[in-house]
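In our numbering, the protein residues as written are 11 to 408.
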Ligand code: AMP
């Protein structure tokens, strides 16, 4: 992988695609700056190597061109604080002002361009628009893993204009190498822990992972579609009847490939979808009518924990139950703790995709797993086995 450490950036103008798509409140204050923080090491490295930096990003989903609500100007103060320096701003990402300001940049200086999505050409992957951006710089760096699954002008197409000079930023490099560690030649046993609400969003993930893993653990709401497919009684639990055949096919595929498929044997059930509901633990395939499974049970936690502790590589996506309700969060918390324990004895653990990231953050465990992915959609597409255009563009440009 060609990254910013492997290129002489001295006196180069470097255009960096970052993911500054941060949430803002009505006063335009940033409510979660994770994505800006994640890009800082790359920017600092380019500056210390003697280059100048032109930052480009999207923010929100502007429909009709420039709108103050989606202006990247709102991020300027925060960015200046984090970099400890003045950052210049161009009111348009292409055109005269951007061209002049980019041309005047001296080594060590930073210019932030206005929102790329003020142009429809960005999402269309328009080559001419990509070329206009490319003309601002000598080197292209992609550090926006969150949009790596999109073939937009600034995330993929632009690399064509930088033959031999398209590079991964540190965030992108870390994300891709963590995913490769899991999917290409992992230390075995390799275990995937899948949870979350539904099977429907995860069919391709399940199918692709079955070809790779030694153990597949299923928890969360999606377990009930599997249990019903095996003839179990799931009461009022979340179930997708149209996917029973799909679940059966996955169970058969696991058998054929010799993958150990772990489906919960007990579940904590509730008489309503509420934290205050009455609860009891029952066999996962004998849930009485009127009750629904909202967490995995103690016996299941013990089984899953043992599998996790015997794994050398772990991928975790999706909570084991409705962890937003404290009374049904134990399964998710205990599985997170098991992954942490495995990690402390040398297992590589990657957590990614929406709610499992929320869970490790909630239990303050993010720094106790090997890697927490920042790119929900991009990471899920990668584990579905899809090629990410943002990654491919750089790999092919080398
Ligand atoms: P996903 O976005 O598919 O990863 O789903 C995450 C959501 O699944 C969380 O909001 C959980 O509350 C929910 N979830 C997990 N287990 C269950 C369950 N047994 N019944 C209903 N929802 C669940």
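Beta carbons are placed, not taken as given, at the ideal position from N, Cα and C, and that holds for glycine.
- The C-alpha of residue 284 is placed about 33 angstroms away from the C-alpha of residue 259.
- Judged by DSSP in its simplified three-state form, residue 302 adopts strand.
- Inclusion of residue 64 and residue 24 in the CB contact set at 8 angstroms is warranted, their separation being smaller than that value.
- Within the same chain, Cβ atoms closer than 7 angstroms to the Cβ of residue 264 are found at 220, 226 and 271, the five residues on either side in sequence being excluded.
- In the structure shown, residue 272 falls within a strand segment according to DSSP collapsed to helix, strand and coil.
- The three-state reading of DSSP puts residue 13 in strand, counting E and B together.
- Taken through DSSP and simplified to helix, strand or coil, residue 359 comes out as strand.
- By the CB criterion at 8 angstroms, residue 282 and residue 253 fall outside the cutoff.
- Apart from sequence neighbours up to five positions away, no residue of its chain approaches residue 313 with a beta-carbon distance below 6 angstroms.
- For residue 201, the three-state secondary structure derived from DSSP is strand.
- Between the C-alpha atoms of residue 123 and residue 89 there is a straight-line separation of about 13 angstroms.
- For residue 159, the number of other beta carbons within 10 angstroms of its own is at least 16, and it is reported as buried.
- Taking all protein chains shown into account, residue 355 has fewer than 16 neighbouring C-beta atoms within 10 Å of its C-beta and is therefore exposed.
- Residues 260 of the same chain have their beta carbon placed closer than 6 angstroms to that of residue 216, with the five preceding and five following residues left out of the count.
- Going by DSSP, residue 193 is part of no beta strand (DSSP E) but of the alpha helix (DSSP H) stretching over 180-193.
- In this structure, residue 221 has its beta carbon at no less than 7 angstroms from each heavy atom of the ligand AMP.
- Positions of the beta strand (DSSP E) runs, each at least 3 residues long and wholly inside the region 18-45, are given as 23-27 in order along the chain.
- For residue 366, the uninterrupted alpha helix (DSSP H) segment begins and ends at 365-372.
- Rounded to whole angstroms, the gap between the alpha carbons of residue 287 and residue 308 is 19 angstroms.
- Residue 69 carries a coil assignment under DSSP once its states are collapsed to helix, strand and coil.
- A buried status is given to residue 147, since no fewer than 16 other beta-carbon atoms sit within 10 Å of its beta-carbon.
- The Cβ neighbour count for residue 232, taken over all protein chains shown within 10 Å, is at least 16; the residue is labelled buried.
- Contact holds between the region 293-305 and the region 233-243, because three or more Cβ pairs, one in each stretch, are under 8 angstroms apart.
- Nearest to residue 157 by alpha-carbon distance, out of 392, 170, 17 and 79, is 392.
- With a threshold of 7 angstroms, the Cβ atom of residue 274 does not count as near the ligand AMP, since no heavy atom of the ligand is closer than that.
- When secondary structure is reduced to three states using DSSP, residue 138 falls in the helix class.
- One Cα belongs to residue 67, the other to residue 46, and the distance between them is close to 11 angstroms.
- Under the three-state reduction of DSSP, residue 335 is assigned to coil, being neither helix nor strand.
- Taking every protein chain shown into account, the CB of residue 368 has fewer than 16 other CB atoms within 10 angstroms, so this residue is exposed.
- The C-beta separation of residue 199 from residue 321 comes to about 5 angstroms, placing the pair in contact by the 8 angstroms criterion.
- Sixteen is the threshold: since fewer than 16 other Cβ atoms of the shown chains lie within 10 Å of the Cβ of residue 113, the residue is exposed.
- Contact between residue 98 and residue 121 holds: their C-beta atoms lie close to 5 angstroms from each other, under 8 angstroms.
- Proximity of the beta carbon of residue 208 to the ligand AMP is indicated: a heavy atom of the ligand is located closer than 7 angstroms.
- Across the structure, residue 165 and residue 19 are spaced so that their CA atoms are roughly 20 angstroms apart.
- Annotated as proximal: residue 169 and residue 403, with beta-carbon spacing under 8 angstroms.
- Contact between residue 184 and residue 28 does not hold, since the beta-carbon distance rounds to 14 angstroms and is not under 8 angstroms.
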